[in-house]
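Here's the structure we're looking at; comments come further down.
Protein chains in written order, with the working numbering: chain R, 1 to 376; chain P, 377 to 752.
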């Protein structure tokens, strides 16, 4: 008997409370019942995202949210700075180009984060209307200092569009205090939901820009969502079941307190990094994210480690592109607790030993257990 | 966020597959649909219990099953030998006396198991019609050598009634090969179900005795269940939802293979014992059961340890009677895997440290992880 545990950086495991809520009978969305629920969800989302900005929810993946943000909010008469340090940065460059934007791509080595200095230097030219960055680049398990970047952008006329898909609800994120104009997220990460919803927190500064743009999209048009959300509604058919689940998940997170959730995510990441080090394994990122850890595979071990980890019930992601077969990526987001993480390290030890790597069984779990002693 | 995990020796956690099955709409029990399902359940139960004997299922707790067995199958013209090494042995003595049986109680020190030698000596007198014993005494986490006892009883005219409630599906149990006449079990232990069902495997030898007895009970009358089960039915309204869940749970167990399940339970118990030893804790039983481990609490620690363990999401049972405040009891039955068990040991380390016990954090989990390396 194997219990399956998702340590993939999305989707993540969904709590039974949320699954049970989503199993309840469907109801119609053009009703007071829906609008009341949606109003509560929106209050909860604002709390979770530390914002009083509008939060829009789109039935779609995180990519839908980011495409809506870029296509609706990047000024056409100025350049857009897009950082690309991995698969998602690469994608946002593609999307920006697809919409005919004047893209200045900051290409980063994988595992290296965008710095506020680079952004400041670029923005000093006055040529930029928007900055697009990824807070936690899932493909490289790398986090930038979004707070520092936001402060730089906030001091200019440019707006900041942040892909917070593998970050919101996991890494510290003070949307209003830091001045992040658009925070995009997806449901299947730290929100503890199945995939299918994107959320966007949009600042007043961003709306002023959006209002000047005649964005070509219909479904991914932020103005339509703004108009509807003012009446606790959605412009197109909402994914009622997922929003119902979101009500429960967001209440769970806010019940715990978002700062506590950030702290838990951070300590799970630290325990995983220290266990990896204790086992003689390296970390792939130079700026490791606390939402996902990329562990370098030792000499002679390839991506088949993932299939072998599954024998112990643990799902992780592999490396992509240049990191293919050289890394595994392990999530710390959402419905994962310290006991799960310690169990995962045991499974990693067993798998490495099964594959012929010399590991001292118990050394990684002992290291992780020591770190997690401080979890409360 | 705390994930709750049951390490209580009943109830145990129920797999989502079983919960989902039980969440399906109810159907009527006097139908071909029920009888077809029940026929399949009965085939599966026989496989799980290694028997070709009738298996009867009663809507009730394990106690209902044991009362049915004792009241229906203990001959009135002979003595009944009842071993009492804990709370359950004590209960079967009470039940036997309630039915006016001539009870010879073998009182054992807590943590000591009944031996085949004692049974052989008693039965040599020819005065006994039945032997009642507990395979795994939940209150003391002590297992007897049921195989050896069964072989002694099988060589006589007496029948053996075994309380296998915390044993069936966890400890090796070859009903027919060993000659156990009545095997009683309950759903909320290794069967991975909620409480509410008792099962009884009854041998031909036992039926011959039962047919000579005019048992006073109506609901707990084995003859009624025998007659119905021959037609894949039940004499009184069955707990349809639980039987529906039982179909899935029994299929899961048989899909894995009962011998593999026994081996998993044994290695989880071994890992727990070795972790306890590594942490300087003693074991309460002189014959530790592999289905549940009783760990002695160190000087100065009382039953409040259970409340403290709950802070880490782990539920365990405490000591009873003379062991109250001196032990915790930890289950290895059912839907628990090695990763859960390693996580539990971490929670135990944290809890002891929180309560001021000097423990080397990581030492217990390392010991458990080493033992469980051999789990496949």
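Idealized CB from N, CA, C, for every residue including glycine.
Test: residue i CB closer than 8 angstroms to a CB of chain R
i, result
"residue 725 of chain P", "yes"
"residue 706 of chain P", "no"
"residue 745 of chain P", "yes"
"residue 402 of chain P", "no"
"residue 348 of chain P", "This structure leaves residue 348 of chain P out entirely; chain P is present only between 377 and 752."
"residue 461 of chain P", "no"
"residue 749 of chain P", "yes"
"residue 729 of chain P", "yes"
"residue 722 of chain P", "yes"
Distance between residue j and residue i (C-alpha atoms, nearest Å)
i, j, result
"residue 365 of chain R", "residue 720 of chain P", "13 angstroms"
"residue 351 of chain R", "residue 310 of chain R", "9 angstroms"
"residue 608 of chain P", "residue 622 of chain P", "15 angstroms"
"residue 300 of chain R", "residue 696 of chain P", "54 angstroms"
"residue 10 of chain R", "residue 335 of chain R", "11 angstroms"
"residue 58 of chain R", "residue 196 of chain R", "8 angstroms"
"residue 708 of chain P", "residue 546 of chain P", "8 angstroms"
"residue 281 of chain R", "residue 91 of chain R", "30 angstroms"
"residue 18 of chain R", "residue 529 of chain P", "53 angstroms"
"residue 292 of chain R", "residue 138 of chain R", "7 angstroms"
"residue 3 of chain R", "residue 12 of chain R", "15 angstroms"
"residue 570 of chain P", "residue 718 of chain P", "24 angstroms"
"residue 653 of chain P", "residue 512 of chain P", "22 angstroms"
Range of the contiguous alpha helix (DSSP H) that encloses residue i
i, result
"residue 41 of chain R", "32–48"
"residue 354 of chain R", "338–354"
"residue 364 of chain R", "363–372"
"residue 229 of chain R", "222–229"
"residue 18 of chain R", "16–22"
"residue 355 of chain P", "The requested residue 355 of chain P does not occur in the structure, where chain P is confined to residues 377 to 752."
"residue 399 of chain R", "Nothing can be reported for residue 399 of chain R, as the shown portion of chain R is limited to 1 through 376."
"residue 178 of chain R", "175–178"
For residue i, the three-state DSSP class (helix, strand or coil)
i, result
"residue 672 of chain P", "strand"
"residue 313 of chain R", "coil"
"residue 5 of chain R", "strand"
"residue 535 of chain P", "strand"
"residue 452 of chain P", "coil"
"residue 245 of chain R", "helix"
"residue 479 of chain P", "strand"
"residue 216 of chain R", "coil"
"residue 504 of chain P", "strand"
"residue 528 of chain P", "helix"
"residue 82 of chain R", "strand"
"residue 663 of chain P", "coil"
"residue 69 of chain R", "helix"
"residue 657 of chain P", "coil"
"residue 64 of chain R", "helix"
"residue 318 of chain R", "strand"
"residue 134 of chain R", "strand"
"residue 573 of chain P", "strand"
Any chain P beta carbon closer than 8 angstroms to residue i
i, result
"residue 264 of chain R", "yes"
"residue 358 of chain R", "no"
"residue 366 of chain R", "yes"
"residue 362 of chain R", "yes"
"residue 256 of chain R", "yes"
"residue 47 of chain R", "no"
"residue 280 of chain R", "no"
"residue 343 of chain R", "yes"
The beta strand (DSSP E) enclosing residue i, as first and last residue numbers
i, result
"residue 585 of chain P", "It is not in any beta strand (DSSP E) - residue 585 of chain P instead sits in the alpha helix (DSSP H) that spans 580–586."
"residue 463 of chain P", "Element bounds for residue 463 of chain P: not the beta strand (DSSP E) but the alpha helix (DSSP H), 463–474."
"residue 430 of chain P", "430–435"
"residue 559 of chain P", "558–562"
"residue 328 of chain R", "327–331"
Interface partners of residue i on chain C, CB under 9 angstroms
i, result
"residue 3 of chain R", "Among the protein chains in the structure shown, which are R and P, there is no chain C."
Select from the segment 662–689 of chain P all residues with a C-beta closer than 8 angstroms to any C-beta belonging to chain R, and list them in chain order. Residues 688, 689.
Any residues in the segment 605–628 of chain P with a beta carbon nearer than 8 angstroms to a beta carbon of chain R? Which ones, in chain order? 628
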